[in-house]
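Chemist: Let me begin by handing over the structure; questions about it come next.
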Amino acid sequence: TLVHNNFRGKFFREQLIAALKILSQGHVGLHAMKGSWAGAMGQCQFIPTSFLAYAADGDGDGRKDIWTNKLDVFASIVNYLRKVGWRPGLRWGDEVAPGAQAGGGGRIVRPAGTGGPAYQTTENFKVILRWNQSDFFALAVGLLSDRIAA
2 TLVHNNFRGK FFREQLIAAL KILSQGHVGL HAMKGSWAGA MGQCQFIPTS FLAYAADGDG
62 DGRKDIWTNK LDVFASIVNY LRKVGWRPGL RWGDEVAPGA QAGGGGRIVR PAGTGGPAYQ
122 TTENFKVILR WNQSDFFALA VGLLSDRIAA
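For any residue, its number in the numbering used here is found by taking its place in the sequence shown, counting from 1, and adding 1.
As structure tokens, then:
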């Protein structure tokens, strides 16, 4: 629909063509190919061109199913992060005192304003932001990954 309305027409035409390629390659059926109003699909929330560039077959069945196959979902996420510059061994960031100043090439993120928690971020935080340009998204990913690793 966004192609038809000429909102960022070139971009959404590319997404439509990529979506048709995904269908023709057999990764997902027409009725199972679901996404957001802006085209983000599956558990990874990849747009179609990102799917073609980064989706991975995690279970070796020949399909890249980011909708229902957790092995494919996680393999795709890892593939994306590696290809866009994730540095292994470098954290995304750490909580710091609310009045802390930025240092070490990152920046301080204060999601609740000056009175709330503050996080000193790293280059890997910027990598997460390439996926979704929202500090709240990147913080959620970072904090959830910390909980999973604990």
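Where is the CB? At the ideal position from N, CA and C, for every residue including glycine. Predicted model, so just to flag it, every value in this text is computed and none were measured.
1) Work out the CA separation of Ala98 and Arg83 for me, nearest whole Å.
2) Work out the CA separation of Ile67 and Gly143 for me, nearest whole Å.
3) At the level of alpha carbons, what is the spacing between Gln26 and Glu124?
4) So which of Gln16, Phe12 and Lys65 has the shortest CA-CA distance to Ala33?
5) Ordered along the chain, which non-local residues of its own chain (more than five positions away) have a Cβ less than 6 Å from that of Val85?
6) So is Arg83 in contact with chain C if we call contact Cβ pairs under 9 Å?
Modeler: Taking the definition as stated:
1) Stepping through the sequence shown from its first residue, residue 83 is reached at position 82. Stepping through the sequence shown from its first residue, residue 98 is reached at position 97. One C-alpha to the other measures close to 30 Å.
2) Within the sequence shown, the letter at position 142 stands for residue 143. Within the sequence shown, the letter at position 66 stands for residue 67. For Gly143 and Ile67, the distance between alpha carbons rounds to 21 Å.
3) Taking the first residue of the sequence shown as 1, we reach residue 26 at position 25. Taking the first residue of the sequence shown as 1, we reach residue 124 at position 123. Each residue's Cα considered, the two are about 35 Å apart.
4) The sequence position of residue 33 within the sequence shown is 32, counting from 1. It is Lys65 whose Cα lies nearest to the Cα of Ala33.
5) Walking along the sequence shown from the start, residue 85 turns up at place 84. These residues qualify, in order along the chain: Val128 and Arg131.
6) Although the question refers to chain C, the structure presented lacks it and comprises just one protein chain.
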